[in-house]
Amino acid sequence: MKRLIIVCEGPTEQEFCTEVLGVEFAKHNIYVEAPVIKHSHGGIVPWTTIKKQILNHLQEGDVYVSMLVDYYGIKDQFGFPGWEESKEIVDKTERIHFLIDRMAKDISEQYRFRFIPYIQLHEFEGLLFSDVSAFLNSFEESEFDYAELQATAEAFQSPELINNSPETAPSKRLIAAIPDYNKVVVGICVAMDIGLEKIREKCPLFNEWIERLMK
C-alpha cells in the first residue's frame with residue numbers, strides 16, 4: 633500500500649483529507665495521513681517552516697508527501713518560492729501552476745519525485761460551492777440564504793474562481809449566508825455529501841492535484 637502524507641493548513645483541511653480523501657484513496661491502496669502544519673495555530677506559516685516539516689516527512693523513507701493550504705491566507709512575508717514573480721501572472725490558474733512548480737524546485741532532487749506540492753485556489757471553502765444543494769442536508773432552507781449561495785455558485789465558471797478579497801472570499805460568503813456555519817463540522821459534512829467526484833468535476837486545479845496523488 634502506498635503511504636501518502638498530506639500536510640494540512642488546519643483542522644478543516646485535516647478532516648477533509650482524513651474523512652473524504654482517505655476513504656476514497658484507501659480503495660486505491662493509498663493510505664493517507666494528514667498532520668497539521670506545526671506551529672501554525674490553524675493557519676499558514678512561512679515557507680521555511682512548512683518546508684522543514686515536508687523534508688522531515690520525506691526523510692521517513694518510502695512515503696509521498698503533499699500539502700493542502702489556501703492561497704487566500706499566504707502573506708508576502710511568508711517567502712513562498714516564486715511568490716513575488718507570481719503576482720505578474722494575471723490568470724490565477726496559471727499563477728498556481730507557477731507556484732507549484734517553484735515549490736517543487738525548492739526541494740532537493742533526491743526527494744523531489746516524492747513531493748507533490750499544492751495550493752488551493754482560493755481556499756478550501758470554495759470547494760463547497762461545487763454543489764450548494766448539499767447544504768440542504770445540514771440546514772433547513774429557512775435557516776440560511778440558499779438563494780445567495782446558488783447565485784454565487786452560478787456567477788463563477790468554477791468554485792475555485794470565487795474571489796479572494798477580504799469581504800467576498802468563499803468562507804466569508806458562507807458565514808454571511810449561514811449564521812450557524814461551523815467550518816470544521818458543517819464544512820466536512822457538506823463536502824462528504826457533495827462527494828469527491830462532483831468536486832473534481834467542478835474544480836480543475838483540485839482535480840489535477842487528485843490525479844497526481846493517485847499516480
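Per our numbering, numbering of the sequence shown is gapless, rising by one per residue and ending at 847.
For glycine and all other residues, C-beta sits at the position ideal for the given N, C-alpha and C.
- Annotation: phenylalanine 730 to aspartate 777 spans about 36 Å, alpha carbon to alpha carbon.
- For the options Ile682, Glu656, Ala766, Phe761, the alpha carbon positioned closest to that of aspartate 738 is the one of Ile682.
- For arginine 635, the enclosing beta strand (DSSP E) has its first and last residue at 634-640.
- Counting C-beta pairs closer than 8 Å gives fewer than three between the segment 710-723 and the segment 752-771, which falls short of the contact rule.
- The closest CA to that of methionine 846, considering only Gly642, Trp679, Gln646, Lys659, is found on Lys659.
- If you compare the alpha carbons of Glu843, Ile810, Pro643, Glu792 with that of aspartate 723, the shortest gap goes to Glu792.
- When secondary structure is reduced to three states using DSSP, valine 817 falls in the helix class.
- Boundaries of the alpha helix (DSSP H) harbouring isoleucine 807: 802-809, taken from the DSSP string.
- Just measuring C-alpha positions, the residue of Gly675, His671, Asp694 sitting nearest lysine 684 is His671.
- Under DSSP, phenylalanine 747 takes part in a beta bridge, and its partners are Val697.
- Within the model, the alpha-carbon separation for isoleucine 807 versus glycine 819 is close to 11 Å.
- Going by DSSP, tyrosine 703 is part of no beta strand (DSSP E) at all; its letter is neither H nor E.
- In the same chain as glutamate 656, and ignoring 5 residues on each side of it, the C-beta atoms closer than 8 Å to its own belong to Leu828, in chain order.
- Using a 10 angstroms sphere on the CB of methionine 633, the tally of other CB atoms stays under 16, which defines it as exposed.
- Per DSSP, reduced to three states, the secondary structure at glutamate 755 is coil, with no helix or strand assignment.
- With a threshold of 16 other beta carbon atoms within 10 Å, serine 762 meets it and is buried.
- Annotated three-state conformation of isoleucine 662 is strand, per DSSP.
- Distance from the Cα of glutamate 641 is smallest, within the candidate group Val652, Ala801, Glu840, Tyr750, for Tyr750.
- Proximity to serine 698 across Tyr743, Ile748, Tyr704, Glu786 peaks at Ile748, based on C-alpha coordinates.
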